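> Residue numbering for the sequence shown follows the numbering used here, starting at 101 and increasing by one per position.
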Amino acid sequence: MVNCSRSAPPDVSINSSMISIVLTYISLFLFAFFGNFTMFLILCRNQLIKVRRVHSLLLHMNIAHLLVTLIVMPKEILHNYMVAWYAGDVLCRLCKFFDVFGVSLSMNVLICITLDRFYSIFFPLYAMRARKSVQRMVAVAWGASFLTSAPQLYLFKTAAHPCHSWYTQCVSKNFIGELSNEVVFYFSILNIAQVYFVPLIVTVICYTLILWKISRKSTEKSNEMLLRRNGQNNLERAKSRTLKMTFVIVLAFIFCWTPYSILMFLHFLSKTDWIPKDVRKFIYAFAVLNSAVSPYLYGYFSFDIKKELELLVACSRATASDRHLSCSAQVSRGYVT
């Protein structure tokens with residue numbers, strides 16, 4: 101039994117730390133929404149003209165980042181501002197589900213993009229069946245993301261303060277004694293591994309082999325005459341641009357997610373609350389920054405953004421009769437389909 105006579109009510113007052121966290125997430129949301137929504141329109145417009153597997157993969161990654169932008173970030177803004185949870189049990193479970201699902205999907209699609217580049221470099225005949233292979237990989241990415249996120253629907257629920265029933269929170273069941281700490285621990289480690297360590301291992305191995313293959317090919321003088329042909333030069337430039345784009349996206353993922361993943365991994369291993377709560381919130385904000393910067397990165401490498409924006413404006417202003425002509429111009433930068 102809890103002695104409520106000496107229990108002080110939870111502090112829900114607004115302080116400078118709370119304001120800083122809320123302003124950080126608002127800035128992230130605005131930056132991420134503009135980039136992701138713009139890239140969503142650009143990718144959809146280009147896919148309507150001609151379906152390309154690189155753009156298909158980027159569209160799925162963009163959808164994942166939009167889930168983080170439109171669900172996770174607003175939830176963090178509101179929850180950090182109001183402190184208590186007022187949205188009910190169903191939204192508690194759904195929000196915890198999408199906390200993992202959006203990030204997990206973006207990482208799984210990143211693995212798909214990396215594998216697509218790897219197969220393109222190592223297996224020249226891969227291009228003949230690449231579209232079906234990409235479709236299968238994307239289906240697995242969505243399925244795996246759902247499976248790793250589904251336990252959140254069971255692990256979390258709303259719980260009221262034992263002495264102050266007006267104060268509710270969305271908490272894991274081990275916090276209120278309905279589930280063992282070990283169960284939550286193993287699922288937490290599994291999530292960190294799936295969201296960070298597995299993509300990290302796959303991308304590092306693939307890019308190490310890709311760089312080795314490229315350096316090996318560059319030393320082969322027998323292909324020198326072929327590389328001088330204009331068509332081959334264009335293909336090589338397209339492959340190079342697509343490879344650079346993927347490499348930069350991987351670097352952004354590592355840069356943003358490493359601090360949070362390492363700290364949370366150590367936090368769960370130590371089984372003690374040694375990381376200050378505000379520090380965890382800011383580090384998590386830095387992690388979801390990945391969903392904000394990624395569209396700007398692959399937009400820069402894949403499209404002439406200025407011309408794409410002009411086309412979107414022209415398309416929105418066009419009448420129904422000439423909309424097809426206004427929206428059908430192809431201005432993508434060089435890439436491999």
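Glycine included, each C-beta is placed from N, C-alpha and C at the ideal position.
Keep in mind that this is a model prediction, so the values were computed, not measured.
For F368 and S288, which I take to be in contact (beta-carbon distance under 8 Å), what is that distance rounded to the nearest angstrom?
Their Cβ separation, rounded to whole angstroms, is 5 Å, which keeps F368 and S288 in contact under 8 Å.
> Taking only three categories from DSSP, how would you classify K196?
Three-state result, K196: helix.
> Within 8 Å, do at least three Cβ pairs link the region 136-144 to the region 160-171?
As far as the Cβ criterion goes, the region 160-171 touches the region 136-144, which means the pair count is three or higher.
> Compute the distance between the beta-carbons of A352 and A132, then report whether it is under 8 Å.
It is not a contact, given that the beta carbons lie outside the stated cut-off.
> Report yes if the CB atom of T258 is closer than 8 Å to the CB atom of T248, and no otherwise.
No, the pair does not count as a contact, with Cβ atoms beyond the cut-off.
> Kindly confirm or deny that the region 174-194 and the region 260-276 touch, where touching means at least three C-beta pairs closer than 8 Å.
Touching, yes.
> Output the distance between the C-alpha atoms of S220 and K232, rounded to the nearest integer angstrom.
Near 14 Å, if we compare the C-alpha coordinates of K232 and S220.
> Does DSSP put F223 in a helix, in a strand, or in coil?
Three-state result, F223: coil.
> Taking just the CA atoms, how far does I213 sit from V154?
Whole-angstrom Cα-Cα distance: 8 Å.
> Tell me V271's beta-bridge partners as DSSP assigns them.
Note: V271 sits in a beta bridge opposite K257.
> Give a yes or no on contact between the region 198-215 and the region 144-152, applying the rule of three or more CB pairs nearer than 8 Å.
The region 198-215 is not in contact with the region 144-152.
> Could you tell me the distance, in whole angstroms, from the CA atom of L411 to the CA atom of Y384?
So the two alpha carbons sit approximately 36 Å from each other.
> Roughly how many angstroms lie between the CA atoms of M207 and H261, to the nearest whole one?
Taking the straight line from one Cα to the other gives about 36 Å.
> Output the residue ranges of the alpha helix (DSSP H) runs that lie fully inside the region 144-208 and measure 4 residues or longer, sorted by chain position.
Those alpha helix (DSSP H) runs which fall completely within the region 144-208 and span 4+ residues are 153-167 and 173-182.
> Given this structure, state the Cα-to-Cα distance separating L309 from L157, to the nearest angstrom.
So the two alpha carbons sit approximately 21 Å from each other.
> Under a Cβ-count criterion, where at least 16 other Cβ atoms within 10 Å of its own Cβ denotes burial, should M228 be classed as buried or exposed?
When all chains shown are included, M228 counts as exposed.
> Using the Cβ count rule (16 or more neighbours within 10 Å means buried), how would you classify R106?
With fewer than 16 other Cβ atoms within 10 Å, it is exposed.
> Assuming L363 contacts I375 (C-beta within less than 8 Å), just tell me the rounded distance between them.
The pair is a contact, with the Cβ atoms about 6 Å apart (cut-off 8 Å).
> Name the residue from S245, C263 and T303 whose alpha carbon lies nearest to the alpha carbon of L290.
Of the listed residues, the one whose Cα sits closest to L290 is S245.
> Closest to P395 by CA distance: which of L300, Y226, V350 and I301 is it?
The residue with the shortest Cα to Cα distance from P395 is V350.
> From what residue to what residue does the alpha helix (DSSP H) around Q235 run?
Unbroken alpha helix (DSSP H) run through Q235: A230 to S249.
> Apply the 10 Å Cβ neighbour rule to R152 and answer buried if 16 or more other Cβ atoms are within range, or exposed otherwise.
The residue is buried, with at least 16 neighbouring Cβ atoms inside 10 Å.
> From which residue to which residue does the alpha helix (DSSP H) around A392 run?
It spans K377 to S402 - the alpha helix (DSSP H) in which A392 sits, taken as one unbroken run.
> What do you reckon, are the CB atoms on I171 and F129 nearer than 8 Å?
No, they are not a contact pair.
> Could you spell out where the alpha helix (DSSP H) holding Y286 opens and where it closes?
N281 to I292 is the extent of the alpha helix (DSSP H) around Y286.
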